[in-house]
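Student: Here it is, the structure in full.
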Amino acid sequence: MTAIYPDIQGKNAVVTGASQGIGRNIAMGFCRMGANVALLDLRRETLERTVDELTEEFPDVKIIGVSCDISNPDSVNEAAAEIVRELSGIDVLVNNAGILIRSSLERMKIEDWNRVLEVNLSGVLHCSRSVLSSMKERGGGRIINVSSNVAAMPSVGMGAYCITKAAVETLTRVMAAEFAPYGILVNAYAPGVVVTEMTRDILESRAEEKLKGIPIRRFANPEDITSLVLFLASEASSYINGTILSVDGGMLATHNPWKAWS
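Counting along the sequence shown from 1, when you hit position 30 you're at 14 in the working numbering, and nothing is skipped either side.
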């Protein structure tokens, strides 16, 4: 990936859930653009390993790792304060972290329900509020949230997850309006099936069936998500605010995309 967004160079980006998967790839993308990056994750060992790997690959930018539970506002505020001390400010926040606990609504344990909401929804609010003062001081910034195509087309057995993603889209729109006076733009992206650990069961058991519902007949790679995030973090998106951008290969475009392949 070349430095197609030179205005990102020298910026300070925070990526939650960054020790692996899509979050790691997003953090790497910012490094390639010449940004300093703070990686947030609850898994300290994996986080430290990822920071070491990225630091070795990108010695010209500053990369730090902060262990943080985004469902805990005190933990989030402490992490934000540490990042500001280390990087001297925050320009971009990517609320990538999230969890999926599969269960029917009838049988779901209330503690699991609460945990999904605390991480996927409240965590986005905690992290976003924690960066506001720094972004205000710097005259603006970007907050980029992750939704999902299941926000628009929910799935049985994933009710809590789908509900949080639909709520994140509403939260994104409200924050976009409320934070705009400070020069802070807030958008979200809604991926379909991305090749990660979270989608392993789909890829192993239902790949062919799932591909029939994707017009372009392939699953997304983490790089597909990273490309959009970098665009939203750059000045190329300076008039985009309060928008939910689909990254799903057209899954929700029609209800029968397989007919075009007949």
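For glycine and all other residues, C-beta sits at the position ideal for the given N, C-alpha and C.
Note that this is a predicted model, so its numbers are computed, not measured.
(1) Could you tell me whether any Cβ in chain D is nearer than 8 angstroms to the Cβ of E102?
(2) Based on DSSP bridge pairs, tell me the residues matched to V78.
(3) Please list the terminal residues of the continuous alpha helix (DSSP H) segment that includes I10.
(4) With 16 as the cutoff for other CB atoms within 10 Å, does T238 come out buried or exposed?
(5) Counting Cβ pairs, one atom from each stretch, are 3 or more of them under 8 angstroms apart for the region 134 to 150 and the region 207 to 226?
(6) Near L244, which residues of its chain fall below 8 angstroms by C-beta distance, leaving aside the five closest residues on each side in sequence?
(7) Suppose the cutoff is 6 angstroms on Cβ atoms and the five residues either side in sequence are ignored; what does the same chain contact list for R126 look like?
(8) What does DSSP give as the partner residue(s) for D25 in the beta ladder?
(9) Can you list the alpha helix (DSSP H) stretches of 4 or more residues lying completely in the region 98 to 147, in chain order?
(10) Going by alpha carbons, who is nearest to L109 out of V78, T180, E188?
(11) Using three-state DSSP, classify N56 as helix, strand or coil.
(12) How far does the alpha helix (DSSP H) with V170 in it reach, from first residue to last?
(13) Going by the beta-carbon positions, is the gap between S3 and T34 smaller than 8 angstroms?
(14) For S(-2) and K93, what's the separation of their Cα atoms in angstroms?
(15) Does A11 pass the burial test, meaning 16 or more other C-beta atoms within 10 Å, or should it be called exposed?
(16) Roughly how many angstroms lie between the CA atoms of I74 and E188, to the nearest whole one?
(17) Can you give the Cα-Cα distance for I48 and E102, rounded to whole angstroms?
(18) Taking DSSP as the reference, what is the three-state secondary structure of N20?
(19) Can you tell me where the beta strand (DSSP E) holding L229 begins and where it ends?
(20) Whose CA, out of D208, A174, G107, lies closest to the CA of T227?
(21) From the DSSP output, which residues share a beta bridge with V179?
(22) Output the boundary residues of the alpha helix (DSSP H) element that contains I209.
(23) Out of curiosity, what's the CA-to-CA distance linking S55 and S246?
(24) Going straight from the alpha carbon of E121 to that of R99, what length do you get?
Tutor: Looking at the atomic coordinates:
(1) Among the chains in the structure shown there is no chain D, since it carries only a single protein chain.
(2) In the DSSP output, where bridge partners are listed per residue, V78 has V(-1), I128.
(3) Under the DSSP assignment, I10 falls in the alpha helix (DSSP H) whose first and last residues are 5 to 16.
(4) Around the beta carbon of T238, fewer than 16 other beta carbons lie within 10 angstroms, which makes this residue exposed.
(5) Too few Cβ pairs lie closer than 8 angstroms, so no.
(6) Going by the sequence as given, residue 244 is Ala instead of Leu. Answer for A244: P199, listed in chain order.
(7) V76, L169, A217.
(8) Answer by DSSP bridge pairing, in chain order: S51.
(9) Entirely contained in the region 98 to 147, the alpha helix (DSSP H) runs reaching 4 residues are, in chain order, 107 to 121.
(10) Looking at the Cα atoms, V78 is the closest of the given residues.
(11) Of the three classes helix, strand and coil, the one that applies to N56 here is coil, per DSSP.
(12) Not the alpha helix (DSSP H): V170 falls in the beta strand (DSSP E), residues 168 to 175.
(13) Going by C-beta atoms, S3 is nearer than 8 angstroms to T34.
(14) Per the sequence shown, the amino acid found at residue -2 is Val instead of Ser. C-alpha separation (whole angstroms): 32 angstroms.
(15) Counting Cβ neighbours within 10 Å, A11 comes out buried, since at least 16 surround it.
(16) CA-CA distance, I74 to E188, rounds to 39 angstroms.
(17) Going from the Cα of I48 to the Cα of E102 covers about 25 angstroms.
(18) If DSSP states are grouped into helix, strand and coil, N20 belongs with the strands.
(19) Following the DSSP letters along the chain, one finds L229 inside the beta strand (DSSP E) bounded by residues 228 to 231.
(20) For T227, the closest of D208, A174, G107 by C-alpha to C-alpha distance is A174.
(21) DSSP lists no beta-bridge partner residue for V179.
(22) Per DSSP, the continuous alpha helix (DSSP H) segment holding I209 begins and ends at 206 to 217.
(23) The straight-line gap from Cα to Cα measures roughly 47 angstroms.
(24) Distance from the CA of E121 to the CA of R99, rounded to the nearest whole angstrom, comes to 33 angstroms.
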